[in-house]
Structures are given as C-alpha cells and as structure tokens.
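When you read off a place in the sequence shown, starting at 1, and then add 1, the result is the number in our numbering. What follows is a single structure, written as structure tokens, with notes after it.
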Amino acid sequence: MNREEIFNGLVESPKVDVCVLGGGINGLSVFRELALQGINVLLVEKHDYCSGASAALSRMVHGGLRYLENGEFSLVRESLVERDRLLKNAPHYVAPLPTTVPIFDIFSGLANGAVRFMGLTRRPSRRGAVAVKMGLGIYDFLTRKRALMPKHAFRGRRATLARWPALNPDIKSSATYYDAWVSQPERLGLELLKDGHAAGPHAHALNYAELVLAAPGRYELKDGVSGAVVTIEPTLIINATGGWIDIANGALFPSTSKPAPLMGGTKGSHLIIDNPALMEALDGHMIYYENEDGRICILFPYLGKVLVGSTDIRVDDPETVRCEPDERDYILQSLAWVLPDIKIRREEVVFQFSGVRPLPASEDSFTGRIPRDHFCTFVEAVDDGPPVLCMIGGKWTTFRSFGEMAADLTLERLGRARRVSTGERAIGGGRQYPSDRDTWIDDVAASTGLSRERMRTLFTRYGTGSRQIADFIAGGADHALPYPDYSARELQFLVRNEAVEHLDDLLLRRTTLAISGELSLDMADAALALLASEKHWSLPLADHERKRFLTLLAERHGVDEETLSARNEQRSALCETTARSG
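As structure tokens, then:
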C-alpha cells in the first residue's frame, strides 16, 4: 500500500492495536514479530528506515567477546545464538569473519578484568594472552553444540608476523577466532519491513512520518511528505526510538514529574579507507586490537575497502552526531599504532559515519563498562492515553531476540497468543537460499536473458530476492548508469518498491554506492534524474533535493562535491584504460 492508501485507511479506521515508534533495526524487528502474529500494527519512522544508529554499526555480527569482562555472560550467549541464526537465516548478507587479535603481553589484564568483573572502578588495561585465551575458551564452549565455525587458534610471534608482516613488531603472539559481518545492514532491516508487510493488510509502516500529541491522551500522525494529518487511536505504543527514547517520552507522554532518564548512549564513529596496502595487510581477516589507551578497535575488509573504528563518546543529542576531526585523528592514530608502516593519506578516507549506541542510562565514568544488554519497561498510561513499552539498550546482533521479547510482552498485555516463531525463519532474500548458487544464478540468467555476471551481482545484493528484480529489469528497456554495476531499471525497482522518498534513501541505504566510496557526481545526478522522474518533481524541487543531499554527504560523511567530481575523472580514466586493454 502506498502512503495515500495508508492515510485513507486510518481516516476510515483510526484504531490500531500497536503503534511502533522508530524504524531502526529493533523497531523493524518488533514490527515483523507482531505482523506475523496477526496484530494490527503501524510503524512510524520520523526519518528513513535504518537511517540512525542502525546505519552506523561496525558491520559486525558478533557475540561480544569483551562483554565477558563485564560479566555479561547471558548477553554473550544470546548474541552467539543470534549470530548463528543470522548466518542461517540471512546468508545473503551475513557471513563468517575470521578475526585475529594481536597480543602484546602474557599476563596483563587479569587483575584488571577481575576488579571490573566485580564492579569496582578501574580503567581498562591491555589484555594479555592468558586473558584472551580465557575469553575465547568461553566463546568456544558457548558454541560447542552448533559448531558452525572453527575453534580459536593461537600463533606465536614468528608465525604471526609471517602471516601479517605489517603488524606492530612488538607483538608477542596472536589469536584467531570466528565471528561474522553484515554486508548491507540497512537492506536487511528493509527486508524485515517487507516480511512484516507480507504478513497481511493488518501491517503498515511509514517513513518520514511523525506521531504527535494532539491533546492529553490523543495522538495524530503527520506525513512529512504530503503534509497529511490523521488521528490515530493505538491500544498500545512501543517506543523503539533508541537514543531518542527519553526525547520521545517527554514529547508524547508527559507526566507531572520528570522521570529518570532511561537512555545514556555513546557515539561510535567509523572510517572507510581505500588503501591497497592496508587491504593486503589484513589478508582477509578482521584485526581486533586494543589501542594504546585500552580502547577496542577493529579493521576489516568491507565492500572492497577497509572499515576502521570506533570511538566511544557520551552524547546528549543523537540528532546531530557526526564523525568529528578529533575522532578521525584518533582512529587513524590507532591504525598507525597497530600497523605502523602503512601510511594513510587524507583523501584515502572515502566515507565516514557516526551513530549513537542505544545504551541504558549509567553513571559509570568509563563508557566501556556501560551494560550492552537490553530490556523492556512499561510506562503506564497518563491522561487516559495508551501504555507505552520502551525498548531499552540492545545491540544490532540481537535485534531478533529483542524484538521477540518486546512482542511477547505486547501480546501478553493485549491478551493474544504467539502463533509464529521467528527463530528459524529466513529473512527476505535468505528464503529458499540455494545450496548451489551457481546453478541458481545460471537458471535465472537463462530465464530472464540477463548475463551471468549481471545476475551474480544482483544475487550478491539481494539474495533470492534478486529473481524478482531480474524479472523487472528484463521487462523493459534498460540502460547502464555512470557506475555501470547499477542500471536504470534496477534503481527504478528500488524507488517503486522500497519507500524511497529522498536521494539519500537511494544512495546511502538502498544501495552501497556511497559507503563503498564508489559514488561520483555523475552517478548522483543520474540517480537524481531517475528519482525526480519517478516522483514527478519539478526542476526547482529536484535542485533543492540535490543541494540537500550534497550538504548531508559533506557534513555527515566527509564527502564533498569536489571529491565526487574527482571521482568522475577517475572513473572516466578507468573506463578508457579498460577499453584500451580490451
């Protein structure tokens, strides 16, 4: 259903069982859970789906090795279960990631870990081989029954430097274990949304819409695209706004006394670097290392570039976070420490991003000790309004189990029973995932007339959902775009079927063009022309959208118009070289 149909439906029938606030990964998860149980559910997102913290994760799907030091064993166990479920349920986006820990001491960190485990205040210190061995032993024990990936292994200094010669030569040993990574988290979130929609006409969602308090206990839904306003009457509200939970509670559910804050998020910033020497130095592994101050950092191959992060800084306003220059310097300094001979030029940072971890409120002076677990709490009705269930905390890996928790509490409050489990349920393009991908790709290529290489690219992007997109591409005249891996018909499909309302929706979240450093000014303009045609925008409106996108890209992601223009020339030179060699 389109926006107009959803609003018309709410005019005729304003009552909904549940209104979910927030279209991040946790909001989308509980939306899917409730939709599959037959609940009349409406999700409302103020911006775009997965455009906040859910787009700013480290791209890891992991158990949380360092959480063991805080005694969060149940969270690590749950995270490892959910990691393994994602490897099965979303194999098109989630894959194993060999991870190597450089170790510079033997016994360091044991006393520190003990006092942290007991809740005493002490700054983190470097973890030695014994502490790392203990943590990885617990990891292996918790996954022993599933055993989807190899157990951890240690290497001595000589073997480590033979495999990774660029590592800091002060290294004593290394340990390698397996976690996982997610290639396109925003698309995985969108597939949760589609799964919810597919459950039936009782499930609806709107991006660029806002729930507002019209009067005590009365709510209106405002459409940020059309300006339409409609009254809605939810039986229950779920606040899944992450770092915005206290802000939303204050605006929508006022009380006579100021409640204690529920959230106390921290900001994490990351860089995407295009440096061949850095990529080669990783040898396909993630390097999970401690900076000199004890802060955990990561770097691993990501979409042909290298992802490096992250920082951990308290923030009060989640709306305007961005990677600041001092954060970029900190990340590059940490990289220079672990790989001292690799030099990174400023222009090799092709993208940067930052988001707020939705952590529970804490007075702890050290951000690394703030609990990473999740829980739900009810804010009971005031002024005859509906009760509000707040989803507090959470990490990206556990979105399914957190959504399940919130859904079960909601079902209990509504007096309804769960009828569908999602633990083993495939997500989106992970459904009917072929054991023989090459044969599947060849069959779809043959039936649609697309080349095998083109079909392989689509399969990488969409899993088995690529069949529908391939059928659409084959159904009309298509042409290549300035970045030839995408075509006009592919982008048209995304615009028509995936709630694209702005250029950044298309270039930052429905595709990986921006984050992979492949976006040029010509490609941005081509995508804008296509979007403007689909939306019937006037020239002034299209020009405004262009300026809006370029400003956002420069301010939030460190990519200015000059950089995009330079990529035009680079791509032209590459095309000429390819043509000559061909």
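We put the beta carbon where it would ideally sit given N, CA and C, even for glycine. No experiment lies behind these values; they were computed from the predicted model shown.
Practice task
Return yes when the Cβ of P388 is within less than 8 Å of the Cβ of V594, no when it is not.
Solution key: Residue 594 lies beyond the range of the chain shown here (2 to 583); nothing can be said about it.
Exercise for the section: Locate the alpha helix (DSSP H) running through T449, then write down its first and last residues. Expected result: 438 to 449
Practice task
Leaving out five residues on either side along the sequence, give the residues of the same chain with a beta carbon under 6 Å from the beta carbon of T242.
Solution key: L22, G23, A249
Practice task
Compute the Euclidean distance between the alpha carbons of Q38 and Q469, then round it to the nearest angstrom.
Solution key: 26 Å
Handout entry: Nonlocal neighbours in the same chain, by C-beta distance under 8 Å from T398, ignoring five residues either side
Key = M61, V62, H63, G64, G65, S80, E83, R84, L87
Practice task
Report yes if the CB atom of S59 is closer than 8 Å to the CB atom of G25, and no otherwise.
Solution key: no
Problem - Pick from G429, S402, E563 that is closest to S75, judged by C-alpha positions - result: S402
Problem - C-alpha distance - G72 paired with D444, whole-angstrom precision - result: 50 Å
Problem - Exposed unless 16 or more other CB atoms sit within 10 angstroms - verdict on R145 - result: exposed
Practice task
Determine contact between the stretch 11 to 22 and the stretch 40 to 48, defined as no fewer than three beta-carbon pairs at a distance below 8 Å.
Solution key: yes
Handout entry: Other residues of its chain near R78: CB distance less than 7 Å, five sequence neighbours each side excluded
Key = L143
Problem - Simplified DSSP state of I474, which is helix, strand or coil - result: helix
Exercise for the section: Measuring alpha carbon to alpha carbon, tell me which of N292, R329, I274, E293 ends up nearest L308. Expected result: I274
Practice task
Work out the CA separation of I516 and G190 for me, nearest whole Å.
Solution key: 17 Å
Practice task
Report the rounded CA-to-CA distance for F8 versus K223, giving the unit in angstroms.
Solution key: 10 Å
Practice task
Could you spell out where the alpha helix (DSSP H) holding Q334 opens and where it closes?
Solution key: 326 to 339
Exercise for the section: Report the partner residues of Y178 according to the DSSP bridge assignment. Expected result: T100
Exercise for the section: Would you mind listing the alpha helix (DSSP H) stretches within the stretch 451 to 500 that are 4+ residues and don't spill past its ends, in chain order? Expected result: 453 to 463, 467 to 475, 489 to 498
Exercise for the section: Find the nearest neighbour of E425 within the set R438, I299, D106, P92, judged by alpha-carbon distance. Expected result: P92
Problem - Bounding residues of the alpha helix (DSSP H) (the contiguous stretch that carries R373) - result: Unbroken run through R373: none, as it is neither H nor E.
Problem - Buried/exposed call for E491, threshold 16 Cβ in 10 Å - result: buried
Exercise for the section: Give me the Cβ distance between C391 and L263, rounded to the nearest whole Å; I'm assuming they're in contact under 8 Å. Expected result: 6 Å
Handout entry: C-alpha gap between A418 and L412, whole angstroms
Key = 6 Å
Handout entry: P97 versus G136 - alpha carbon distance
Key = 19 Å
Problem - C-beta contact flag for R128 and E291 at 8 Å - result: yes
Handout entry: G225 versus E348, Y289, W182, A210, residue with shortest Cα-Cα distance
Key = A210
Problem - Burial state of G120, where buried means 16 or more other Cβ atoms lie within 10 Å - result: Model confidence at G120 stands at a pLDDT of 46, short of 50, so the residue's coordinates are unreliable; what they give is reported in the following sentence. Exposed.
Practice task
Put E293 into one of helix, strand or coil per three-state DSSP.
Solution key: coil
Exercise for the section: Measure the beta-carbon distance from P485 to D523 and round it to whole angstroms, keeping in mind my assumption that it falls under 8 Å. Expected result: Not really, about 12 Å apart at Cβ, beyond 8 Å.
Handout entry: Validate contact between the stretch 29 to 36 and the stretch 191 to 204 using beta carbons, cut 8 Å, 3 pairs
Key = yes
Exercise for the section: Kindly give me the distance between the Cβ atoms of R358 and G266, rounded to whole angstroms, as I take these residues to be in contact under 8 Å. Expected result: 5 Å
Handout entry: Cβ shell of D505 (< 7 Å), same chain only, five flanking positions each side left out
Key = F550, L553
Practice task
Give the DSSP-derived three-state secondary structure of L554 in the structure shown.
Solution key: helix
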